[in-house]
Each structure stands twice: as structure tokens, then as C-alpha cells.
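Residue numbers (the numbering used here), protein chains in the order written: chain W, 802 to 1147; chain P, 23 to 178; chain L, 171 to 448; chain B, 16 to 677; chain Y, 8 to 334. Each residue gets a CB set at the ideal place from its N, CA and C atoms; glycine is no exception. Since the structure comes first, as C-alpha cells, the remarks are kept for the end.
In C-alpha cells, the structure reads:
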């Protein structure tokens, strides 16, 4: 383990930025979100939950896929070059890191999504333990430890020192390049970090959702959950916006669209989509998910039932709590899971 | 051809001069007839202006105008009958309100509102039509290419 | 050469033949621009065709894998892309194609040596045709073949010539056609497929491949059960909104199954276990 | 696959001189779906049309783009040409490469480039064109004429003579209008009543003509071929069917203080009255405001004296609803009120009169039985001054900017018959210009000057004041001698500006017919369609369209009648297929479209629609009446969801053009 | 507020048990100190969960759309500002009056959890309001904040305590927050900037957008059966921006479409997960409409036609509107 004092952080950012495009939590307009680092960036390492998850780093909101050129009856396709720029994300919280493992299951499964993989492989992730978890946090529900965030490197912020520990080869390589800035941590330091870890876990348990558990039974009762009567009550007030899906670190629905330019030039791109959108499953002759209820149900079935069914009980949720914070009508996965559990007596 | 030769010579000497793309929406009854009048009277105006015929100025959806800018127009001009003279009686009154609000909003968003103009041209005002178009093209040429509302996808 | 070989990047194919089947169905033959097949597939699999600027749509491959020269797609005009294809696609037109996607009818194992009953309605023949021709080309690997096919009228049969002139002449192969309403000059059966099916009195030892409009599937299945068939003997193929073709974009799932990847071929007992949302 | 044929016209040298047509052809050939392209000297000629026909057959073309002159010129030609070879006429687009290209650009390269782009835009549009079929609507074989003056009477007679039913609605108790008030008419000086009365009789007695006098149009709905009109027949308080027109009631009426409208206030009448002696129908009417029976409940003399017992005090206004295929507006004119023209002393002296009042004063049936006397004294005047352009050609904002057209001639007429009947009276006319175009008009004016010694002074009257002796002092300028004049007169006649009759704008609104800023009805084309309103089925006759004299009025009325007859002769009408339509599954029923529709063509209907999720539901949607809609497109923009679109100018079509031009 | 909540529960239960209405739209208690959620109650028993406090900002009027579709007579609790939304929906024929039972509900201003968090407060466990002071308890300590400092922005533009539509009212009307100066002050500030800075401001604001459509979906003026942005046949269909121009267009067109319909409820800005200052666009249109065509307040009744569907012959010319602060 290494450490680096606050005074030297600007140098650290600079050094990291030399190794690749650096993203870190920045305070802009009173809101903290990941942003490319620049000299005047106001880095915010205290806010636990950034406005959006970092998924767009690997799963871009808009990803150009290919360019077509048509002329007469001829069609030529030029695939988009894969991104090759190394990137470094600093200050990623345990929940978001866990989110990547969930996205990996989808995008790295055969056939691999090469755009995702390229971005993923090009990136070194530096985790940061959550000094101040918030009332919307419930990562412990999924056995995610906010006190040991994981990543290629994981870090802790204790008072004015940042503690630094490589966890992967990629992490070690990067750490080696920063040798001049990092100093070896002492046993004393290790104790400080441990103490912080304990405190984080304690704080989490005191939070309103600190003891929340999602029942693994849900995934075992697909039909019963699907047919539960609570969907109607729960979905009645959903506005069908897709805010929750866009801030969610695990939601990964996408659309492939064409943009026709002039003279036969066509850009095909992928963009985020949401199962909450009315036209998501609409076909020329009907829509299997006719209404709000069906769309709402799909989203939560996917997170609470289908995904765990497919992936050994893993919920497609990491407890970051962003959906709790942004829903215009305060609907969220916690409320849904609780209602379902009550309804199904699980 | 002579014209082509000149263009080629220009290219080697200096970058081609900026030729703005101007879309003019003209109502069938007054302004389009006015444009025809300009032609009949052989009133010259720049070739940059391309006219789209609509039945009435009130057929022009602000979306069309935005789309024109998005697709690369440097200027858009909407022409209709003089207020009170609309073939459909009230069409241009609505146009006037719609475009007033659109102009004001574009201005509010810092988009050059000189790039959008609304003019009332009657069927008998052929000469005026040519004058308006000439001055508009001059104005847009002076402003240069529109970059603010342009969509740059497929721009290769 | 670009470094990107993502599965979302299509190949370019060229249309080498367009055949008008019915008022709203055409069959398109697609090859590599220099000739030859774009890719190999198994019966029941799908491919995504796209007209740049219009977007992609998924279609089942109608031709048999045993055909070594080209792929065929029988496409019915219904949405924006299919309408465009119907209106605009001509011989010589290049289009973007990617595939094959999805699972297939188990011609290599479970169907081997079985007596097979095909039940199709309308454009539902398209995926069946791939299997039928595959089986006919490997005739000795399969038992008897019965094809029950219904259409609204005589003019609505897809591949009428093949149905009446080629298939019935193959060994142990019977074609049973029916149309919805009586029509002048039609001497075959008149009536809907489920009723026709019952009248034909098949024995429940056959394996069934069923494809057609949802209501036909539902009624045929009921008829089959009544005739003593079991649901696990009945294969069908589904169609849902699909975009990526690789089980990622999140559209075509029924429960945990993605139709584009885990389907489109399911047995009816598999469908029973899935949520009722298709 | 669409197969578009592109035909580039040379228009002789009109296009080909500045546009390299061969290059245009070469350029469009590379565009997808263009199956054929060619140029030709005159596309509109028989040869050109044959070229199109042949290309359509040889290349199985299904859409046509013609690059030629303005669509306003030959769109119809090429549409017909397409229709002849089985292509829907609305699958034809015109690229205007003459008026908007070859004629406005001198540089050949520029003109050619622009022509190519215009062609591309037309091709882009035509791809999205859909075949359109004009609808049909039934024609009601009955016409309505609004206004019973000479214009209305003439129009009605001509329509009736052609064998169609026609109704006249007249606001006054009798037909006849302004012409009935005139004494003589220029330039023949024949008696107005003598020539008008027979026409009034013809109209009143014609089996095809029905008169609604003392009636007004209350509401108009519907459209060409089938207007529904509500007519308010005001209560006359006299049973018109039983009345014999004996007039005893009018003589015995004790209330005598009401000024006569017909006599322009120069005479009084009873509360029950017949407006003038030759009035038709000759049925009295009770002016309830001035009738003692109605005001006090006492009296009832008329009822007692009526031999036919046809006085009915309980009569109510009646609303009659009738359907018409065509409507003629012939609402005539009023004189401009002179309250803003204090300098002429009209309000101060009864001897300052309008020219129309003069007509009554010299009329044998008028208040003075034709003796020209000063209203103030009852004595014959010694000198009369006529002032022209009172309120006409006025740029001060008080009057009208237009020339009232008829004044110059009636000034001469009036001067002349004063001088003829009373040679001792001195007559002076002040004029700005004397305008006498017209058959025998200038001769007429010269006779006034030369034969009858009327003094014409080019100059303006600045002020008219009463003088101490009871006469009038007129201050004027003589422009030719640049002198200020101060003249004495016993009578001043003001040639007052005409203006459209009161209520014309209200009527125009009901008819959805357009009006100019002076409230004259606008014609569909100032030169080529001068008797039609731009609103289909509405025709114009007489002063309501603009100042004109009697012969012009009569000929316009006749022309309007022919147009009406032409319309009524059809059993069905083809309607413009470029109309709005609503995509009901997207329509939310907010009805913003309805509010901006000038034709009332959009209505709300509760319908069962299949919503976007494929589920049937009942809701309110906007429905466009395809016959009423004129295709302006205001509704399409009012609709935020783009559920409302316009056929022939659809969103897709216009955007395709935008994209092609940018 | 607790008293009002009790009255509301009582009213809801009465209405449901008497069968006067089939459902009640109100708020349900959440799991945190501030996350009351809009909810539809269908039985008197369920109403036990009904709450009302300073964290009920959502305008429930939009739920009347579904109620009308289902033909269910619905009682809806409406704060004074929410009533404008109902009128607008009635005017747009999206809601039928016969299915609405409007209950005027007093309000003293709603609190903004984002503003509370902006004071550095995390791990919030309890929030209490009394006498203008908001006490926030967190796992890290307790802090008191002046109530006015943490009111929602929309409450600082409060239109007052009058209900534009109400079949009945709960309790007495309360004093609503004093509006903060000129409602158009923020618009005027932008207007005063040089054009390039205005452009930069909007570029920056709008590029935050993630096209989640929350602004549209909560808006009582956005009630189309199918939004033009969702219509594949429309020229602007799209769900994700792929070019900076596209999100400009989205917001510009959306604001344009709701101009004259926007009741100024401020919900769009409140629900924006990215904090885009959306209200400014709508306010700009309102200001223009007021300036050019006379004062107009959408939603103050259900009948007055919107300014865009009317005109006068003397209307201002478009050039006049574009002239101010030309770029």
C-alpha cells in the first residue's frame, strides 16, 4: 500500500492524465459527476454518489458503429475504428465497479461487443472507498463492500491522505509509473485504513436502507412474480420516462439507428434505449408490451428475476441508489422489491 | 465551359468564395407569384436562393426551418402574402405569431436571428422580391457559414 | 483494414433474384457481390437485413442450408422496412446482411429419423421451407413428411410451384393445402388450418413444426393436444421486435429467454414455462 | 421500385440560353429511381407531351418531374398529360427553372447548377407524392343573391333566366337599392326609375326568383355547391300575402315625425310606410321604434283602417334556412359620413348637401317633387357649387385613398340638368381631376362645359361657411391661376366618396370571403377572375367589389350570373385533393387545429380508434371535412404531434425538398 | 401539515367508501425522510398510507390522463399551482371533466432535497419542519436550515394560494411563499448577455441532457398521444442525441410546442436529473407572449384560447422579435 498527501494530488492527476484520458468526479454547477480532468477541474472525492454512473465510459450513450455510402445500387460499409485511447477512471465507487462486472456478463459474453471490450480493456479503474455513504446507498444488499471498492487499484481517503493499493497487473503497471509521487504506507497507515473501513461499514448499517436484503426467492418464482398483482399498483404512477435506466450502472438496453445524411451517406450508430420507452418493443403489427404496466414490470423483472436466473442469482442492481434520487415520482427498485416480497411472502 | 474554367482557376489561387445556401419558403398565391414576377421582369438575384413552394406561409412548420439549418442552410427566408391579404384569409397572421416566437427564442439561445427572415411579398412585387433576396444573400454572405445549428454527422 | 469486426457490422450482399410470391410477399435471393453464399446457417436461423438509412430488420432464412449458392428470404410487406424492400429492392441492389442468428430446428439430432408434420399458415411457410428442403435433400435421414399449409386464397400461397409440383413428388412426402374461403377453380380443401388438421387425423407419433399467425398457432396446438400430441413434440418459431440479434439490446426477451439468441425455435412446453408476454 | 422520368424543357431559348439542359439531364440521370431523363425544346407543346407519353410507356415511368416554367403556368398541363397515360396527376412535380432560374441568373454555370438542384428537390419531393383523387360534392341548384340593388336584381334575373332558382335577400323593405334613389343617369340622362322599375317588376314576378325583403343573412356555413344560409326575415307587422298595397294605412298613420331613409332625411314618413312609390314588394312595414301602438300600446289605427285586415302586431322575426350552390354578394355602397369633414359645413347648413341628396331634390317623386330649392329657405338657388372628391383620393386619413370613380360623371350630369331646367342658376364645379374614360363620357363632360356653360375650376374647396344673408361663402383655391377664391353660393353639393355598405365586413366574415383594407370584397384575380371571390362559390357584383357605375355594375352582375350558372350547371364538383387530413391514432384531440381553421373544416368527433399500442379506445379526434378544407395548412403546424398533415404538401414532401436543397 | 394530511385521508376514505369516486390520486409515504411518491388509492383501507407534507412536490394532474382513458372518476389532491395543470389538460381535451373530482389542497411551499443536500448533508434519516426552520437529522449529525433557503425553485415563483379549479377544498387556504422578485428576472439576465455568451450558456446547459424525457413525461402541457419525438415518421424522431445540435433541437422544439400551453409549474426543471435550467425556455416564451400579445396564463381556466391559435391584425412583426440583442 502506498499513500499520497493531499498537497500532491494535483500532481497525481497530472501524472495520471499523462498515462491516459483521466476521468474523475468533478463538481460542476453544484453537481458532482465524472468528467475528463482538466487543470481547473474541481475534484470532489467526498460525494459518494455521482449524478450518473460511469457506465458511459464503456457503454457510450451514442456509439457510432459504421458508415455506409450508397450510390446507385452499390452499398459500401466502413466500420468505425475501435477506440484505442487509454483511459483512467479515478474515484470510482464500489457500486459502480460492481456495475461493470454486471455489464461484463452481458457485453463480454459471446458474441463479444468489441466496442465495449476495447473501451474496457483500455481503461484502468481506480476505486475509492466511500467515506460518507448516503441514505440512498444499499450496496451491502448485494454484498458489495463500499469499504473495499476493488478495481485495478483501490484507494481510501483518510483525512488528508489518499491510500493506494494495486489489485491487478494493470494496476501495478500504472502504480509503477507513479512511483515518484507515491510513498510506501506504514503499518500505522494500514490501521488508519482499517479503522475507516470499519467506520464505513458501521455507517452503512445505520442508514435507512442499511439492513435491506433482496430475497433470492424472487428469481425462483418467475411466473408468480410476473403475475403478481402489485405491478398494477406500482406502475400506476410511473411516468415512463427513462431517467432511472439512463443513470443506472447496470441497465444496458440499446437501440441501433441510422442517420441519413446527404448524397447517400448514412451513419449507423448505437444509442442508449430503455425498456420504459413505449416504442421499445413495438412492431408493425402490435406490441407485446402494450402498456405502462408491462414496461414497468419488464424493467424490474429483468433486474430482480431474469438476470439472477441467467447469472447464478446475481441481481442486476448494485445498490448505488441513483434511481432513488432521480425518479420524478419516487418510484424505485427498493420499493418494488419490498412490495413483491410482501406479496409473495418471501 | 467558361464558367467551369474560372472555378478551376479560382481553386488553385484561393479557397472558393463562400456561397451561402439559402432556402426560401414562398406561399403559392403571393410570394411564389412574386418570385415568378421577378423572373418575368428579368430582375436578377443571386442563384443561392432556392425556393420551396408551400400553399400558404402558415404551412411552414418551424421544424422545417430548423431542419434546413440543421442540414446546412446558411439562411432561411419565409415569404407570405402581406398581412390582411392572405389567400386563406388568416394564414399569415398565424405565421407571424409563430415566427415571432421562434425568432425571439432563437435570439434568446444566441443563434444569429439575421439568418432567418420573414418578409411579406405580394404577387405584384417582383422587383421587391429580387431586392429582398439580393440583400438577404449579401447579409448571409457577410455573416459567413452557419455553424450553430448544423448537424455534423455524415459530414465527411 | 479496420480493426473493428464487431458482430453488428454487416456484410454486403447483392440481390440476384426477386420473385413475387403473393400480393404482399416477395422472395429475394441474396449472394456475395462476386457470387457465392454470404454465410452458412442451419434451418430456422435468422439474419438481419438492412437498407442503410432505414434501419435493420430480422427475417428467417427461407432457403435450405443445403443450398450452397445463395440465401433466400421470403418477406411480407407490413412495416416500414418491409414496405421499402417490397417497393424498392431490385435485382442488382446491394444490401447489408448479418447473421446467422438464433437457434435452429434440431435437424441434426432430435428430428433425425422422425416422421415430421409441418403446419404453416401464410408467411409462416418461410422458416419451414428451410427445414423442408433440408430434409428433402437429406431424405434418408428423416421419416415421412407431411406438410399442412393454409392461406387466405390460392393467390396467397408462398412458393406455390414448389408446393404443388416439387414437394409432392418427393418420396414419403405429402402436401395438404387449404384455403380459407371457397374459390373458383380450387379443388383442394377449404377451411382453416386447425379444422383441416383434425380432419387429416394424424397420429401423435409425429414431431410437429408449427408456424403461422398467433391465433393459428394457438388453435392448432389445441387441436394437436386433442389429437394426442404432447407439447414437447411441437416446435414453433417466434417473432418479436429484435434489434441486435445477439441477445444484448434487451428487446426480444420473453422472461429470461432472448428470442434472437435463445430462440426463435422453441417447443411448446418451453413456451409454457415462459411469462405470457409474446 | 419507383421509376421517375425527368423532362427538361428548353422553353425555346428562354431556359436553354442560360441553363445547360444537357448537363441537367446528365446530372439527374445518376439519381436513384430516375429511370429516364431527356430534354426537349418545348415540353408543353404537343411534341413535348408526346415525348412524355412515350417515355412513360417505354420505361414504365410512374412519376414525372418536369423542369420548366413556373407551375403556376403549366402544372395543370403536365398533370393532364400524365393523366392521359395513366399516371395520377399528383405524381407530377414541376421544377421551376425558368422564372426562378434562367430568367434571374445570367451566369450559365450558376444557372445550370441551380437548375440541377431545383430538379433534385423536385425529384426528392415526387418520391413521397401519393396519388390523390379529387373528391366530389353535390351542387344545390339554387343561388342566393345578397343585395337587391341593380347589381343583385340583374344577377338574379340572369340566373333565373338560365333556369335556376335564385333568392334575393334585401335588408330594406323594398328592392331597388341606390339606383332607385337616383333621378337621371349619365351619360344618357334617362330617368333612373324608368329603366329600373321594369327590372324590379321582372325580378318580383319571375317564377324562379324569390324575394326576401326586410331580411338579412344571419349565418352562412357549408361550402361551394352547398352553402347553408340562415336568413332573418324581420317582422314587417304586415301580412305580405294579404296586403294589397292600397297604402291607406300609411296615409292614416298619426306618427309622422320619422325621417325617411329613402329620402335621405329630406322628408318624413309615417311609422307604417312604403319606402317609395314604386317600391316592390309594395307592402308597408311598421317601424316599431316609432309606432305608437308598439311604444305606448295605444293607437292601432292602421289595423282599423286596413281593408284587407293584414296588420299583425304580433308578427315575429322568422329564421329561414335555405341551401344554395352559389352566392352572389351585391351589397352595394353607402356614402362616407362627413363628420370628419367639418370644413364643408355639411353639419352646419342644410344647403350643403351630398350629391345623392341632390338626386332626391331633383326627382319628381322626391320631397320637393322635383323643384330644386334650398332646403333652408324653400327658394330656388341662384348659384350652386359642386365640390368633387369629398373624401375620395384622400391621404389625410379622414377619407378614402381610392377614387370613387362615378363622381366626375354625375357632377357633370347634375350640373347639366340644373343648367337645363334652371338656366338662370350659375353652376361651378371644383375638381382635382376630371376623369371621364368610358363610352360617350368625355363628350358628356364637354357638353356640360361647352353647351351648358358649367364653370369648372381646378382647385380645392377649403371651407364653406354660412354667411350673414343666409347664403354660403365658399373659400377655394384656383390651382390653374394660383388664386384664392371666395365665392357665394346658395347651395353646395358635395360629391361624397362611396364606401362599401355597412355590414359588408360582417357578411364577408360569414362568407369567409376576403376583403381589402377598405372593406371592398377582394376578387380571386384582379384581372382574370374579377367577379369571383377567392372563396369558391362566392361571386361579386357591383359596388361591394369596388367603385363602379351602373353599366359596369350591370355587366359585372351579368358576368357573376354566368359564373353562377356555370357552377349550377354541374351536378357535382371536383374538390381540391390537396387538403388536410388527420392521422387519428396520433391525434390527441386538443383541437388547436380547429381553432386556426379559417373554413370551419375541422370538427371534433368522438370515435373508436386503435391507439398506438394497438388497443381500441374511444376518444375525441379532429376530423377534416375534405370539401370545406381549402388546403392552407395552418392546422398542420398548430398540431404539436404532427397528426395533421396536408396532402400534396406533406411534412415528408417538404422536408425532402429541404434536405435536397441544403 | 399533519392536520391537513389527516383531513385528506378522511376525505379520500369518504369519497371512496361512498362510491363518489373510484380512485384517489395522492401521495404515499416512502422509505426515506423525503421520498413520498404519487400513488393511486382504490380502497378506503389503502388510504392509511396517504401522506402529505413538505415533500409532495409532484403535480398529480397528469395522472388524470390515465383516469380519463380508463373512465374512472378520480379524486385528485391539487396544490394551488397544480390546478393550472388540470385546466390545461381539460382545455386540450385530454382529460374529461366528468372523471375529475378536484380537491384544492393547501400548500406552504415544497422543499427541495437537492438544496438540502447541497448544504453538504448526507445520510439523511429524518427531516422535520417547524416555524420556518427545517431540521435535518443525518447519521453524521443534525443541522437546521431556514425553510426559505431550501424551498423548491418553483415555489419561489409561487402563483399564490388560489385554486383555478376545485370541487372542494381541504381546510383553510395557507399563505404560500412570497414569490422571489420578478418571475422573469432569470430570463432577463440571459437576455442581457451578449449573443455569443447566450449561445455558450445554452450549449453548456443543454449538452447536459441525457434525453431521459422526464421533463416531457411529467409536463401537464405535454399530453400528446404520441410525442413527435417518438414518431418514426416525424423529422425529429430520436431518443438519444448523437450530435450536439440534436438536444438543442429537442429542447427548443419541446419548449415551442408547449408555448401557450405551459402553465409554469416548474416540474420539468424539478425532475431533470441533470439539472438543466429548462424552466428558462418556457419562461422566455411566456414573457414573449405577455409582451407581444398581452398577459396570458395557461391553465387559469379551461377555455381561453392559446395565443398561437389567435391573432390580431396589428401583431408585432417577427423581425422586431429577432432584433433585440442581435448576434
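Using a cut-off of 7 Å between C-beta atoms, extract the partners of residue i located in chain B.
i             : result
residue 111/P : 527, 529 and 613
residue 409/L : Those within 7 Å of residue 409/L in chain B number zero; the least Cβ separation is about 15 Å.
Please report how far the alpha carbon of residue i lies from the alpha carbon of residue j, in whole angstroms.
i              : j             : result
residue 625/B  : residue 922/W : 49 Å
residue 1120/W : residue 109/Y : 38 Å
residue 623/B  : residue 443/L : 36 Å
residue 886/W  : residue 224/Y : 38 Å
residue 320/L  : residue 382/L : 9 Å
residue 53/B   : residue 137/B : 15 Å
residue 24/B   : residue 131/B : 13 Å
residue 182/B  : residue 49/B  : 56 Å
residue 959/W  : residue 211/Y : 35 Å
Alpha helix (DSSP H) containing residue i: first to last residue?
i             : result
residue 868/W : Where residue 868/W is concerned, there is no enclosing alpha helix (DSSP H), although the beta strand (DSSP E) it sits in stretches over 863-872.
residue 207/B : 207-220
residue 411/B : First-last for residue 411/B: undefined, no H or E at that position.
residue 224/Y : 221-225
residue 196/Y : 192-198
Near residue i, which residues of its chain fall below 8 Å by C-beta distance, leaving aside the five closest residues on each side in sequence?
i             : result
residue 136/Y : 8, 60, 61, 118, 142 and 154
residue 909/W : 917, 918 and 921
So which residues on chain W does residue i lean against when the C-beta distance must stay under 7 Å?
i             : result
residue 413/L : 1056 and 1057
Near residue i, which residues of its chain fall below 7 Å by C-beta distance, leaving aside the five closest residues on each side in sequence?
i              : result
residue 1137/W : 1035 and 1101
residue 352/L  : 360
residue 247/B  : 230, 231, 233, 332 and 334
Taking Cβ-Cβ distances shorter than 8 Å, what residues in chain B pair up with residue i?
i             : result
residue 78/P  : 647, 648 and 649
residue 232/Y : 600, 601, 602, 603, 626, 627, 656 and 658
Given that residue i touches chain L, what residues does it touch there, using C-beta distances under 7 Å?
i             : result
residue 912/W : 177 and 416
Within the continuous beta strand (DSSP E) that includes residue i, where are the two ends?
i             : result
residue 960/W : Here residue 960/W belongs to no beta strand (DSSP E), and DSSP marks it neither H nor E.
residue 241/B : 241-248
residue 231/B : 230-238
What residues from chain P crowd round residue i, counting only those whose CB sits closer than 8 Å?
i             : result
residue 652/B : 80, 81, 82, 83, 84, 116 and 120
For residue i, return the contacting residues in chain B, with the cut-off set at a CB-CB distance below 9 Å.
i             : result
residue 257/L : 16 and 17
Would you call the stretch 1079-1097 of chain W and the stretch 850-867 of chain W in contact, with 3 or more CB pairs under 8 Å?
Between the stretch 1079-1097 of chain W and the stretch 850-867 of chain W, the count of Cβ pairs shorter than 8 Å is below three; the stretches do not touch.
Counting beta carbon pairs with one atom in the stretch 167-176 of chain Y and one in the stretch 79-90 of chain Y, are three or more of them shorter than 8 Å?
As far as the Cβ criterion goes, the stretch 79-90 of chain Y touches the stretch 167-176 of chain Y, which means the pair count is three or higher.
Check whether the stretch 328-347 of chain L and the stretch 261-280 of chain L are in contact - that is, three or more C-beta pairs closer than 8 Å.
Per the Cβ contact rule, the stretch 328-347 of chain L is not in contact with the stretch 261-280 of chain L (fewer than 3 Cβ pairs under 8 Å).
May I ask you to verify whether the stretch 77-92 of chain B touches the stretch 425-433 of chain L, counting CB pairs closer than 8 Å and requiring at least 3?
Contact between the stretch 77-92 of chain B and the stretch 425-433 of chain L is absent, because fewer than three Cβ pairs lie under 8 Å.
Determine, using beta-carbon pairs with one atom in the stretch 40-51 of chain P and one in the stretch 100-108 of chain P, whether at least three such pairs fall under 8 Å.
Yes, they touch.
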